[in-house]
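Student: Heads up, the sequence shown is in my numbering, so the first residue is -6 and it goes up one at a time.
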Amino acid sequence: MAISGEFKMKGQYREQYITRKDFSDFQKSTYFSGGVLLNTKSYVWHPNFLLVDIGVQYTPESNVDNYIVVPDRSEIRTLKSTNIKTTFLSTSPVTLTAFSNFNESYSNREKLTNLKSNGKRWGGTFMLRSRALPFSINYENSKWHQKEIETGLSYRLEQENINFNIKKSFGTKNKNIFRFSKSNFLRQDYSKLEIKNRITDISMQNEIYFDSKEKYLFRSNVNNNSQEGNNNFNIFNLTENLALKLPYNFNFNAAYNLYTLNQEGQELNLNKISANLNHHLFKSLTTSINYSSINTNHTYYQEFRNTTGVNITYTKKIPTGLLSLSYQYLYLTNDMNSEPTLLEVVNEEYELTDEDITVIDRPLVDPATIVIKDETGTTIYRPGFDYILIERGEFIEIQRVPGGQIANGTTVYVDYMATQLGSYKYDAVSKRFNGSISILNGFLRLYSQIFTQDYRNIELTDSLVLDYLSQYRYGGNIDIGFAKGGIEIDNYLSTITPYRMKRYYLNIQGKVKDKLILSLNGNIRYYRILDENADRNFSDLSGNITYRFSPSSKIDFNIAYRKQKGEGIDLNLLIGRSEFKTVFRKLFVSIGIEVYKRDYLGDKIDFKGAYLQLARKF
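(1) Go ahead and label Thr630 buried or exposed: buried means 16 or more other beta carbons lie within 10 angstroms of its beta carbon, across all protein chains shown.
(2) Over the uninterrupted beta strand (DSSP E) stretch that includes Leu437, give me the two end residues.
(3) Output the residue ranges of the beta strand (DSSP E) runs that lie fully inside the segment 304 to 363 and measure 3 residues or longer, sorted by chain position.
(4) So Val215 is in the beta strand (DSSP E); what residue range does that whole segment cover?
(5) Is Gly561 helix, strand or coil when you go by DSSP?
(6) In three-state terms, what does DSSP make of Leu261?
(7) Can you give me the C-alpha to C-alpha distance between Leu315 and Glu(-1), rounded to a whole angstrom?
(8) Helix, strand or coil for Ser162, going by three-state DSSP, please let me know.
(9) Asp460 to Thr488, Cα distance in whole Å?
(10) Does the separation of the CB atoms of Ser83 and Asn41 fall below 8 Å?
(11) Ala236 bridges to which residues according to DSSP?
(12) Hey, would you say Leu270 sits closer than 8 Å to Thr289, going by beta carbons?
(13) Tell me whether the beta-carbon of Pro86 lies closer than 8 Å to the beta-carbon of Arg114.
(14) Please report the distance separating the alpha-carbon of Val588 from that of Gln392.
(15) With respect to the beta strand (DSSP E) encompassing Leu30, which residues constitute its N-terminal and C-terminal limits?
(16) Just to confirm the assignment, what range does the beta strand (DSSP E) spanning Tyr10 have?
(17) So, is Ile311 buried or exposed, given that buried needs 16 or more other C-beta atoms within 10 angstroms?
(18) Does the Cβ-Cβ distance between Phe600 and Arg13 come in under 8 Å?
(19) What does DSSP give as the partner residue(s) for Ala125 in the beta ladder?
(20) Please return the same chain residues whose Cβ sits closer than 6 Å to the Cβ of Asp408, not counting the five positions on each side in sequence.
(21) Any idea which residues DSSP pairs Pro376 with across the strands?
(22) Within this structure, are the beta carbons of Ser213 and Asn199 separated by less than 8 Å?
(23) How is Ser277 classed by DSSP in three states: helix, strand or coil?
(24) I need the straight-line Cα distance from Ile522 to Arg555, nearest angstrom please.
(25) Ignore the nearest five residues each way along the sequence and tell me which others in Phe551's own chain have a CB closer than 6 Å to its CB.
(26) State the CB to CB distance for the pair Lys78 and Glu97, rounded to an integer number of angstroms; the pair is presumed to be in contact (CB under 8 Å).
(27) If you pair each beta-carbon of the segment 500 to 520 with each one of the segment 466 to 478, do three or more pairs fall below 8 Å?
(28) Taking just the CA atoms, how far does Asp420 sit from Leu453?
(29) Under the three-state reduction of DSSP, which class applies to Gly585: helix, strand or coil?
(30) Is Arg172 near Ser196, with beta carbons less than 8 Å apart?
(31) Taking 8 Å as the cut-off, does the segment 375 to 385 touch the segment 314 to 333 (at least 3 CB pairs, one atom from each stretch)?
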């Protein structure tokens, strides 16, 4: 039996001053914790017969919170976790594994929302390694509960999954994968409403090469996903792709896609064919011609979209540098046949970042019907707490709220109801030109981009909002090895979300004899929202410095500063941390301080803390 682990003790002192519009308070907290982490690895009879891995952590913690306004609070919080994994016949053709995990922990979201989480997971995998029919079966059962300590709001998720996989090749020129999964979900959010769904997913993937040199490839992907419960739907998705490497540096790709959606109140049937012919001339010139046709039949509308495009890319080495040029031309014909009606849209994907303006694609969206959720659909984000909606004429903008459940850069999925306009027809022409030149071995780089989008042959579009767009973006940067800085200007002249933006940035990274490591990144963005005569400004600074006194001792400095100014986004945020670590005769010592200051729309938090941790590993 092999045993490893650690004993540790930790003491913390924190103070926090909170100011809101009608409330303010000062809090002082002391935390004391000590615990043990134990990992064992053993076997029964022989390591190839039965392996047993056990990990246990027990860390009781006591804390005292002293307030000025809110009553003082004292409590004992215990961080606990248990992990058990067994592996039976690990090297034989038949392998069985089983696991069980339990944990209880405390955390926070962006230093703003304190959380208590409890989780349980158990399951196992049966695997058969066989040339005739290799497969695996996996079962997992999990329960998760999270509570916001200050607000009392809670979230509960229970999930049961079974997965069956087969991977089989008939010879050396093909690959085949079959997957079957069945899941039961139960979700309960802050509204106390339980959502239950049963999901069945079946998929088949195939790859076939028609020749020994693997120049001619056919791929097929078939998937059917059905859900029953509070949200009922069935999705069928078929994609067939043919890729050919032709003589004289030509490449040809063709694809067919069938997508069907059936859910209560509406059905959708989409057929798409596409083709691309690509040619390489030496290493400098690449040209391609592409075409796609999409035929969409929906319960409430029928739409035809045909796109033809040409792409040209040219790269050329020049003395001490590189020249890059590219041009793209796209011609789209769009024909919509519909009566004015309400349309339900589900699972539309968006990425929410603080620096960018995120607008829902369709106009005339009813804000009261908007539901924003995570990738799994199990977490429903809260308006006002996790995000806010801002009306931009006929469109809706989504902004995340710092401290909510949506982290910066998160991809979310949006359901909503929108007014589907009547029939219309138009042709859209877009042109894109990119150019860049790098000289003096990368010391100086200049670049520009021009993008235009125009419309022709417009019919029956009295209520349709078309995005006439002219974008002119250009900039440059200087790179001296350990530092890189530049400026970028973007004139985004759109009929929907027009703006002008200036960006300045500086990145510094360096290393001195394995003693000092430095990383510093700064950005400043100035936005001018033209149709509202409003400004949005963003300033970011982040840095990390590590100085190593010896192989066993070092000190780290981390800082992040962010300032936002504009309608509904005013934020002043500073996060700083410094930590000294050293090892003395297997005793690991950590001493650190933390600073967190935040002012978001007048709500202020001023946090300071210090801690000392001792750990003995074995």
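Every residue, glycine too, gets a C-beta built ideally from N, C-alpha and C.
Tutor: In short, the structure shows the following:
(1) The first residue shown for the chain is -6 and the last is 611, placing residue 630 beyond what the model contains.
(2) Position 444 of the sequence shown, counted from the start, is the residue given in the question as residue 437. Segment 437 to 452, the beta strand (DSSP E) holding Leu437.
(3) 314 to 331, 334 to 345
(4) Position 222 of the sequence shown, counted from the start, is the residue given in the question as residue 215. Note, Val215: beta strand (DSSP E), 209 to 222.
(5) In the sequence shown, counting from the first residue as 1, residue 561 sits at position 568. Residue state, collapsed to three classes: coil.
(6) On the sequence shown, position 268 is the one that residue 261 refers to. If DSSP states are grouped into helix, strand and coil, Leu261 belongs with the strands.
(7) Start at 1 with the first residue of the sequence shown, and residue 315 comes out as number 322. Start at 1 with the first residue of the sequence shown, and residue -1 comes out as number 6. Cα-Cα distance, rounded: 55 Å.
(8) The sequence position of residue 162 within the sequence shown is 169, counting from 1. Correct three-state label for Ser162: coil.
(9) On the sequence shown, position 467 is the one that residue 460 refers to. On the sequence shown, position 495 is the one that residue 488 refers to. Going by the C-alpha atoms only, they are around 5 Å apart.
(10) Within the sequence shown, residue 83 is the residue found at index 90, counting from 1. Within the sequence shown, residue 41 is the residue found at index 48, counting from 1. Yes, the pair counts as a contact, with Cβ atoms nearer than the cut-off.
(11) The residue you call residue 236 lines up with position 243 of the sequence shown. DSSP lists Leu210, Asn246 as partners of Ala236.
(12) Stepping through the sequence shown from its first residue, residue 270 is reached at position 277. Stepping through the sequence shown from its first residue, residue 289 is reached at position 296. Contact: no.
(13) For this step, residue 86 is matched to residue 93 along the sequence shown. For this step, residue 114 is matched to residue 121 along the sequence shown. No. Outside cutoff.
(14) As a working mapping, residue 588 is identified with position 595 in the sequence shown. As a working mapping, residue 392 is identified with position 399 in the sequence shown. If I take the Cα positions, the gap works out to 26 Å.
(15) Against the sequence shown, residue 30 aligns to sequence position 37. Taken as a continuous stretch (DSSP letters only), the beta strand (DSSP E) holding Leu30 covers 16 to 37.
(16) Here the question's residue 10 lines up with position 17 in the sequence shown. Element bounds for Tyr10: -5 to 13.
(17) Within the sequence shown, numbered from 1, the residue matching residue 311 stands at position 318. Counting Cβ neighbours within 10 Å, Ile311 comes out exposed, since fewer than 16 surround it.
(18) Residue mapping note: residue 600 aligns to position 607 of the sequence shown, counting from 1. Residue mapping note: residue 13 aligns to position 20 of the sequence shown, counting from 1. No; because the gap between Cβ atoms is not below 8 Å, this pair is not in contact.
(19) Within the sequence shown, the letter at position 132 stands for residue 125. Looking at the DSSP assignment, Ala125 forms no beta bridge with any residue, so it has no partner.
(20) Against the sequence shown, residue 408 aligns to sequence position 415. Result list for Asp408: Val339, Val364, in chain order.
(21) The residue labelled residue 376 in the question sits at position 383 within the sequence shown. According to DSSP, Pro376 bridges with Tyr380.
(22) Here residue 213 refers to the residue found at position 220 when the sequence shown is read from its first residue. Here residue 199 refers to the residue found at position 206 when the sequence shown is read from its first residue. In this structure, Asn199 lies closer than 8 Å to Ser213 by Cβ.
(23) For the purposes of this step, residue 277 is taken as residue 284 along the sequence shown, with counting starting at 1. In the structure shown, Ser277 sits in coil (DSSP, three-state: anything other than H, G, I, E or B).
(24) Translated into positions along the sequence shown, residue 522 becomes position 529. Translated into positions along the sequence shown, residue 555 becomes position 562. If you take the alpha carbons of Ile522 and Arg555, they lie about 20 Å apart.
(25) Within the sequence shown, the letter at position 558 stands for residue 551. Residue identity check: residue 551 is Asn in the sequence provided, not Phe. Cβ within range, chain order: Asn537, Arg570.
(26) Counting from one through the sequence shown, the residue named residue 78 turns up at place 85. Counting from one through the sequence shown, the residue named residue 97 turns up at place 104. With 8 Å as the limit, Lys78 and Glu97 do not qualify as a contact, their Cβ atoms being about 19 Å apart.
(27) yes
(28) For this step, residue 453 is matched to residue 460 along the sequence shown. For this step, residue 420 is matched to residue 427 along the sequence shown. Whole-angstrom Cα-Cα distance: 13 Å.
(29) Sequence index remark: in the sequence shown, residue 585 carries index 592 (1-based). Strand, per DSSP.
(30) Residue numbering aside, residue 172 sits at position 179 when the sequence shown is read from its first letter. Residue numbering aside, residue 196 sits at position 203 when the sequence shown is read from its first letter. Contact flag set, yes.
(31) no
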